[in-house]
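Going by my numbering, the residue at position 107 of the sequence shown is 107; the numbering climbs one at a time, nothing skipped.
Ideal Cβ positions, reconstructed from N, Cα and C, are used throughout, including at glycine.
The structure presented is a predicted model; accordingly, all values stated were derived computationally and were not measured.
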Amino acid sequence: MFSVHYDRLTQDTQAEMAGSGNVSWERFEEQTKLAFVGDPLRSRFFLKTRVTANKSVKVVARVAHQSAKPQGREEAVKYATADASNLSRLTRLLRFVMEEVLGPMKALPASTASQPKPSVG
């Protein structure tokens with residue numbers, strides 16, 4: 001089900017990017033989250049920002065998924081703007097990504113290093 005939705009999302013993204021070369025911040029956030037939540041423990045997340053000579057800012061989120069196929073699967077979402085007001089929302093996006101990673105990690109079997117320390121009384 002996720003892959004069907006992802007394929008449709010990818011086609012929409014390619015159509016949007018072909019037309020305007022950019023997606024809105026809301027679409028950027030949504031697509032980044034959708035790309036990541038499929039299997040966060042088997043995915044790597046990359047976020048790259050770049051300020052160009054004309055003061056515009058480009059942000060690229062790339063998610064690489066491990067899979068049975070040797071080449072794996074990669075998704076990339078791009079956002080470019082001359083208005084930096086949305087960039088403060090990167091913190092929220094990164095917090096979402098970290099929660100997706102740490103949530104499943106907390107569900108893993110506890111190791112001896114994570115046992116609670118005895119209280120000092």
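Less than 8 Å between the beta carbons of residue i and residue j, yes or no?
| i | j | result |
| --- | --- | --- |
| A80 | N22 | yes |
| V57 | V51 | yes |
| W25 | R73 | no |
| A82 | K55 | yes |
Assign residue i to one of three DSSP states: helix, strand, or coil.
| i | result |
| --- | --- |
| S24 | coil |
| T52 | coil |
| A35 | helix |
| S85 | helix |
| F96 | helix |
| R44 | strand |
| Q14 | Because the pLDDT at Q14 is just 43, under 50, the model does not fix this residue reliably, and the value given afterwards should be weighed accordingly. Note: Q14 maps to helix in three-state DSSP. |
Just reading off the beta strand (DSSP E) that residue i is part of, what are its end residues?
| i | result |
| --- | --- |
| K58 | 57 to 65 |
| R73 | 73 to 81 |
So the candidates are the options; which of them puts its Cα closest to the Cα of residue i?
| i | options | result |
| --- | --- | --- |
| E30 | L93, P40, S67 | L93 |
| Q66 | N54, T32, F45, G103 | F45 |
| M98 | K55, R27, V37, E74 | V37 |
| K33 | K106, V60, A84, S85 | V60 |
Establish whether the CB of residue i and some CB of chain D are separated by less than 8 Å.
| i | result |
| --- | --- |
| W25 | Any reference to chain D falls outside this structure, which holds one protein chain only. |
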